[in-house]
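K.L.:
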Amino acid sequence: MRRARGGLIVIVTSQLQADAANFRETVAAGDYWMQVVTQGQTIRILDLEGNQAADTLFYSASDPGERYSAMDTIREQGNVYLTAGTHLISNEGNAMLEIVADTCGRHDTLGGACATESNTVRYSLDKKCMHACRDSWMLAVAENEHFGLTKRDITHNINFFMNVPVTVDGGLTFADGISDAGKYVELRALMDVIVLISNCPQLNNPCNAYNPTPIEVLIWN
Ligand SMILES: [Zn+2]
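Heads up: take any position in the sequence shown, counting from 1, add 659, and you land on our numbering.
The following block contains the structure:
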């Protein structure tokens, strides 16, 4: 374990071997990845080049009305940062996945995802046309109608690898990342879940070092 600004960082390495994975796919920056991960499977999100942000949503595959809830997760673990040992809690109070390995050590669930609207407010009007995570999610639900999701289902997300330290007076800051090339987070599914990742294309803040890069998704049965 090591300490970083704002709290304890927990590092837990995985025993799983990448070449034994049942599924591997590289996701370019600005693309989305959407697939069902079944109960008992383990999914790894790998930060290939470092300092990337993977904006991720989770839904119950059997009832997408049940989905990841940031507030229930934070309340249940009594901490705003996600790391190994965190159970991702749904809006119905069920544990959906558990973070079982984590070599980055801390992930954000407070900052939300980038959108063209927030880019306009935070940065400037001419950022309106820039690609944002919310657009990737909207494209994903439109191109995957069989999941039965619409834009109204886009809610709380996790920003894997993103560093949003809370200041002593409660402020949120988008800080330079603490992730690095080859760092990963691994989650075991405790129910069948739809995983929807937007590999963030953001160019205006340091969440991905102003340089969006690919991630890799691996799954073990
Ligand atoms: Zn984004």
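All C-beta atoms in this analysis are idealised placements derived from N, C-alpha and C, irrespective of residue type, glycine included.
Compute the minimum distance between the beta carbon of residue 772 and the heavy atoms of ligand 1, and state whether it is under 7 Å.
P.N.:
Yes, since a heavy atom of ligand 1 falls inside the 7 Å radius drawn around the Cβ of residue 772.
K.L.:
Is it right to say residue 792 is buried, meaning 16 or more other beta carbons lie within 10 angstroms of its own, or is it exposed?
P.N.:
So residue 792 ends up on the buried side.
K.L.:
Quick one: Cα of residue 834 to Cα of residue 822, how far?
P.N.:
Rounded to whole angstroms, residue 834 to residue 822 spans 6 Å at the Cα level.
K.L.:
Measure from the alpha carbon of residue 874 to the alpha carbon of each residue in 757, 838, 847, then state which is nearest.
P.N.:
Nearest of 757, 838, 847 to residue 874, Cα basis: 838.
K.L.:
Mind checking whether the beta-carbon of residue 857 lies closer than 7 Å to any heavy atom of ligand 1?
P.N.:
Indeed, a heavy atom of ligand 1 lies less than 7 Å from the Cβ.
K.L.:
Answer yes or no: the CB of residue 736 versus the heavy atoms of ligand 1, is any distance below 7 Å?
P.N.:
No, since every heavy atom of ligand 1 falls outside the 7 Å radius drawn around the Cβ of residue 736.
K.L.:
State buried or exposed for residue 721, treating a residue as buried only when at least 16 other CB atoms are found within 10 Å of its CB.
P.N.:
With fewer than 16 Cβ atoms within 10 Å of its Cβ, residue 721 is classed as exposed.
K.L.:
Give, in chain order, every unbroken run of the beta strand (DSSP E) that is at least 3 residues long and sits entirely within the stretch 688-724.
P.N.:
List check, beta strand (DSSP E) in window: 691-696, 701-706, 713-719.
K.L.:
Three Cβ pairs or more, each shorter than 8 Å: is that satisfied between the stretch 855-865 and the stretch 755-763?
P.N.:
As far as the Cβ criterion goes, the stretch 855-865 does not touch the stretch 755-763, which means the pair count is below three.
K.L.:
If you draw a straight line from the C-alpha of residue 683 to the C-alpha of residue 828, how long is it?
P.N.:
So the two alpha carbons sit approximately 42 Å from each other.
K.L.:
Around the Cβ of residue 711, are there at least 16 other Cβ atoms within 10 angstroms (buried) or fewer (exposed)?
P.N.:
It counts as buried.
K.L.:
Is the closest heavy atom of ligand 1 to the C-beta of residue 861 under 7 Å?
P.N.:
The answer is yes for residue 861.
K.L.:
Would you list, in sequence order, the uninterrupted beta strand (DSSP E) runs of no fewer than 3 residues that lie entirely inside the stretch 717-763?
P.N.:
The qualifying runs are 746-748, 754-761.
K.L.:
In three-state terms, what does DSSP make of residue 779?
P.N.:
Three-state DSSP puts residue 779 in a helix.
K.L.:
Within 10 angstroms of its Cβ, does residue 701 collect 16 or more other Cβ (buried), or is it exposed?
P.N.:
Under this definition residue 701 is a buried residue.
K.L.:
Please indicate yes or no: does the CB of residue 791 lie closer than 7 Å to some heavy atom of ligand 1?
P.N.:
Flag set: Cβ of residue 791 near ligand 1.
K.L.:
Contact check, residue 696 vs residue 825 under 8 Å by CB: the rounded distance?
P.N.:
Their Cβ separation, rounded to whole angstroms, is 30 Å, which puts residue 696 and residue 825 out of contact at 8 Å.
K.L.:
Ignore the nearest five residues each way along the sequence and tell me which others in residue 693's own chain have a CB closer than 6 Å to its CB.
P.N.:
These residues qualify, in order along the chain: 799, 803, 855.
K.L.:
Between which two residues does the alpha helix (DSSP H) holding residue 802 run?
P.N.:
It spans 792-802 - the alpha helix (DSSP H) in which residue 802 sits, taken as one unbroken run.
K.L.:
How big is the Cα-Cα spacing for residue 870 and residue 727?
P.N.:
Going by the C-alpha atoms only, they are around 28 Å apart.
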